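Protein chains in written order, with the numbering used here: chain A, 1 to 121; chain B, 122 to 286; chain C, 287 to 390; chain D, 391 to 773. The beta-carbon is built from N, C-alpha and C at its ideal position, and this holds for glycine as well. These figures come from a predicted structure and were not determined experimentally. All remarks here apply to the structure that follows.
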């Protein structure tokens, strides 16, 4: 038990230390840097032109399709890792199960391909 | 040392988890909500680690923080940033809804403290092999159905998104 | 052995669930409602894992359910957001109060 | 609990070890960033037949220190249009997972922060967290370049994560464990994993290049099209944290993974006799990969975003899935014998390396034919 707790105590500390380190670094930088803000500095950069409107707005939704496919394959991963570790014990049975699982997902990938959803404009 | 550390970590995680969850509900901006949601998910992963379910914690970060939050951020990006005043962010039946939730929460909270360990707690860690054994033997059929569900979600979402393009 | 009692985990889970429920009832932005639903699912996950680890009667049954809940959550968000995006294309709103097409 | 050296109390040693590990990790990242940027510039210069930095210090060695000091003392301009919550959270979200990855990197026998049972899964998990910071940075800037750059980078990162993970799973099939220390211990001899599953290594290498935004996948740096991508509105030390520290830290982490999983990690002559020698071997192998990354940067042109995405989804993911299936089937069929797996993997690798140019030739021919027929139709003359 101490080994598990100790290991994850390290992990927790690294996460905390990362956040603290970045904050400290940026605070240090904040203390030593000059601050002379002018209206020009506060404008958004648009290659030297006056910015037109806001960037937030409607964007074509085909970007969403890639995120969607990624989520599906990410979910596949949470089954793949346990399967890969226990692979030797499971043998043919596990192989066939995982084969069906992946084939069904590949069918979805193929559908996206045929629908031309895998093209980035 | 860990006798002291574990309750302390639990207290910190519980407070930040519930605090950020409350901020998801109360935040005026949708982006703030999304940020706190990601933070709540991370704290939840910490809870799983405390319980000794390291694999579930890793999956939690992989799926919720790495995938679902990104998807929701895409949703935030593709929907308008409404310039409404803060009050209109809430629905008309706000007081009733809040009251119902609070009334239901009270007895549940009191009740939940009544659970006690039965003294047969599993040793911490090493849960990957056990999960794998269960998923691929007893839960083989749900496992295959999960892939069909994912396929349906994929096809449905692609069809919905690309319908008018 | 177990330093934090099971009841504390279940209480956190219940509190999180009701915060999520409150959010679903109170907010009117569809994306925020989706986030709150995710919080509720996560609360259920916490309870399942806590019981699975601390009751220890059978093997990791609770954790296996959690794995399947991950799948369902991912599918739900994917389709839910697709519906919101499609809705937004038809009429520029994500306020659930203003979407009344399904009203009888 | 591990008993400490020199009879130190285990509880005190645990905390002391944590402090040392944390100090080493942060020191490694800072040092790595300073040294690697210097190396990068020098190597680029040598390959392009110029001198590179030489003014500050001997051989320009202190140039990057000067750059770091300048970045810290530089004004951090925060444009008035930004979404503050996201804008300020993004550097933390990008840096923290990278730092946390160093917990499990096995430098030598006994020199590892924490030997987690799920080491590789943990690293995968942290890799997927970086995307969040990038989407947030791009969105928060409220700048059209930054937003498009953020969307592109996010698309690239999430897409290439899939072949990266699938390659790792193929390696896990052969190794049977996720703990990085055990993985290293499984490859003591000269026959390391690279001889068994070379194709998985090649696909992982390509995906890792894309995951760390290195050429030929360095779209955030495509100045001519999207300015500086999601980093457009970042300046001063915020930019330094986002790009310099994090990019080189991530490069170190993925090169460390390659070393541990495919090249035997700390194993090398003399490690059995004197364990700390492992640090030297590990560092040498890792830096060899980093130098390979830099070499690639000096050699290959940048890919276009649509080519990059279609290469991932239409080539890399099918190939990794095929490799996974073939490896798994052969392992089950031959009862864990690695020779058929190795044979099949080398054959597949050869097909992959030969097949891509062939595919390109075919596509080129079809594009030419289409253009020719269009010209023919336009002019009415058969060409």
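Could you name the residues of the region 143-169 of chain B whose beta carbon sits closer than 8 Å to any beta carbon of chain C, in the order they occur along the chain? 143, 145, 146, 151, 154, 155, 158, 161, 162, 165, 168, 169
Residues near residue 6/A in its chain [Cβ-Cβ closer than 6 Å; skip 5 each side]: none
Beta carbon of residue 337/C, beta carbon of residue 229/B: below 8 Å? no
Proximal residues to residue 563/D (C-beta, below 7 Å), its chain only, five neighbours per side dropped: 717, 718, 721
Could you give the DSSP three-state label for residue 209/B: helix, strand or coil? Here the model assigns residue 209/B a pLDDT of 44, short of 50, so the residue's position is not dependable, and the following value carries that caveat. Of the three classes helix, strand and coil, the one that applies to residue 209/B here is helix, per DSSP.
Would DSSP call residue 737/D helix, strand or coil? helix
Could you tell me which of 566/D, 626/D, 763/D, 725/D sits nearest to residue 82/A, measuring between CA atoms? 566/D
Tell me the start and end of each unbroken beta strand (DSSP E) in the region 328-353 of chain C that is at least 3 residues and wholly inside, in chain order. none
Quick one: list the residues of chain B neighbouring residue 548/D, beta-carbon separation under 7 Å, in chain order. 191
Of the residues 728/D, 578/D, 654/D, which one's Cα is nearest the Cα of residue 675/D? 654/D
According to DSSP, is residue 30/A part of a helix, a strand, or is it coil? helix
I'd like to know whether the C-beta of residue 371/C is nearer than 8 Å to at least one C-beta of chain F. Within the model displayed, chain F is absent; protein chains A, B, C and D are what it includes.
If you run the structure through DSSP and keep just helix, strand and coil, what is residue 159/B? helix
I think residue 135/B touches residue 298/C, with their Cβ atoms under 8 Å apart; what is that distance to the nearest whole Å? 5 Å
Report the three-state DSSP secondary structure of residue 774/D (helix, strand or coil). An answer regarding residue 774/D cannot be provided, because it is not within the stretch 391 to 773 covered by chain D.
Alpha helix (DSSP H) runs wholly inside the region 645-724 of chain D, at least 4 long, in chain order: 667-689, 695-701, 707-723
Where DSSP assigns a beta bridge to residue 474/D, which residues make up the other side? Residue 474/D is not bridged to any residue.
Does any CB atom of chain B fall closer than 8 Å to the CB of residue 535/D? no
Proximal residues of chain A, C-beta to C-beta of residue 360/C below 7 Å: 71, 75
Three-pair Cβ contact test at 8 Å for the region 685-705 of chain D versus the region 581-593 of chain D: no
Proximity below 8 Å, CB of residue 842/D to CB of residue 639/D: Chain D is shown only over 391 to 773; residue 842/D falls outside these bounds and no answer can be derived.
Can you find the residues in the same chain that come closer than 8 Å, C-beta to C-beta, to residue 586/D, ignoring five residues on each side of it along the sequence? 564, 728, 731, 732, 735
Taking DSSP as the reference, what is the three-state secondary structure of residue 542/D? helix
Could you check how far apart the C-beta atoms of residue 513/D and residue 494/D are, in whole angstroms? I think they sit under 8 Å. 6 Å
Looking only at C-alpha atoms, which of 488/D, 714/D, 500/D sits nearest to residue 739/D? 714/D
Please specify which runs of the alpha helix (DSSP H), each continuous and at least 4 residues long, are wholly inside the region 561-587 of chain D, giving them in chain order. 570-575, 583-586
Check the Cβ-Cβ distances between residue 10/A and every residue of chain B, and say whether any is below 8 Å. no
Option nearest residue 275/B by Cα separation, candidates 106/A, 91/A, 120/A: 106/A
Under 8 Å, Cβ to Cβ, is there at least one residue of chain A near residue 760/D? no
Nonlocal neighbours in the same chain, by C-beta distance under 7 Å from residue 126/B, ignoring five residues either side: none
By the criterion of Cβ-Cβ separation under 8 Å, what are the contact partners of residue 323/C in chain B? In chain order: nothing, as chain B lies at least about 11 Å away.
Are there 16 or more other CB atoms within 10 angstroms of the CB of residue 579/D, so buried, or fewer, so exposed? exposed
Are the CB atoms of residue 475/D and residue 190/B within a distance shorter than 8 Å? no
Does the distance from the C-beta atom of residue 540/D to that of residue 524/D stay below 8 Å? yes
Burial state of residue 9/A, where buried means 16 or more other Cβ atoms lie within 10 Å: buried
Residue 76/A - containing alpha helix (DSSP H), residue span: 62-85
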